[in-house]
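Novice: Structure incoming, see below.
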Amino acid sequence: MTTKTKYQVKALPQLAVHTYRALAVQTPAGAKKADLEEPAFWTHIARNLQAGDQIRCLADDSTYVADVFVTLVVGNDVRARVLNFTALGELPDAEVGEDYKIVNGGATGYWVRDTRTGDDVFQRRFASPRDARTALDNHLKALAA
Numbered sequence: 001m002t003t004k005t006k007y008q009v010k011a012l013p014q015l016a017v018h019t020y021r022a023l024a025v026q027t028p029a030g031a032k033k034a035d036l037e038e039p040a041f042w043t044h045i046a047r048n049l050q051a052g053d054q055i056r057c058l059a060d061d062s063t064y065v066a067d068v069f070v071t072l073v074v075g076n077d078v079r080a081r082v083l084n085f086t087a088l089g090e091l092p093d094a095e096v097g098e099d100y101k102i103v104n105g106g107a108t109g110y111w112v113r114d115t116r117t118g119d120d121v122f123q124r125r126f127a128s129p130r131d132a133r134t135a136l137d138n139h140l141k142a143l144a145a
């Protein structure tokens, strides 16, 4: 005589625990979507990454923004996938009062131009519009003193 045994499996819902870190990274101007997926691109910060991290990338000249998901980290080998890549294009020049404007030079940086003469106020370039504005404010305070 054979008996058939029925096995009943009860699947109870369980809370899945998944933690991740959200990081923000300033990336070089001109980087392409494929560059962000190259392991060599992330080598210099590999020790700060772990699998599951989400990275928000903003180009240093603000021409693109990207969301990257880290899938594997072994030593300096980082595997990542780009979830979203949005090109923002070149930013327009910013007017600073009536006499000056901050000019966006793309990868070469930002500089301050006198709109009356068309000359550059400083010989050097700035990494961000904020740096250029701060330098201009300091320059105008020094002239007023």
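If you read the sequence shown in my numbering, its first letter stands for residue 1, the second for the next number, and so on.
Don't be surprised by glycine CBs; every beta carbon is placed ideally from N, CA and C.
All of these numbers come straight from a predicted model, not from anything done at the bench.
(1) Quick one: what's got a C-beta closer than 7 Å to D53's C-beta in the same chain, skipping five residues either side?
(2) Going by DSSP, name the residue or residues bridged to L72.
(3) If you follow the beta strand (DSSP E) that R133 is in, where does it begin and where does it stop?
(4) Among V25, D99, E38, K141, which residue has its Cα nearest to the Cα of A80?
(5) Can you give me the C-alpha to C-alpha distance between F85 and S62, rounded to a whole angstrom?
(6) Along the chain, where does the alpha helix (DSSP H) that runs through L36 open and close?
(7) Can you tell me where the beta strand (DSSP E) holding A24 begins and where it ends?
(8) When you compare the CB positions of R130 and V121, do they come within less than 8 Å of one another, or not?
(9) Would D60 pass as a contact of A34 if the rule is Cβ separation under 8 Å?
Specialist: The structure says:
(1) Short of 7 Å from the beta carbon of D53, and not among the five residues preceding or following it, lie these beta carbons of its own chain, in chain order: Y20, R21, L23, V70.
(2) In the DSSP output, where bridge partners are listed per residue, L72 has R79.
(3) For R133, no beta strand (DSSP E) encloses it; the enclosing alpha helix (DSSP H) starts and ends at 129-144.
(4) Nearest option by C-alpha distance: E38.
(5) As the crow flies, the alpha-carbon of F85 is around 13 Å from that of S62.
(6) In the DSSP assignment, L36 falls within the unbroken alpha helix (DSSP H) covering 33-36.
(7) Unbroken beta strand (DSSP E) run through A24: 22-27.
(8) Against a cut-off of 8 Å, the Cβ pair of V121 and R130 comes out as no contact.
(9) It is not a contact, given that the beta carbons lie outside the stated cut-off.
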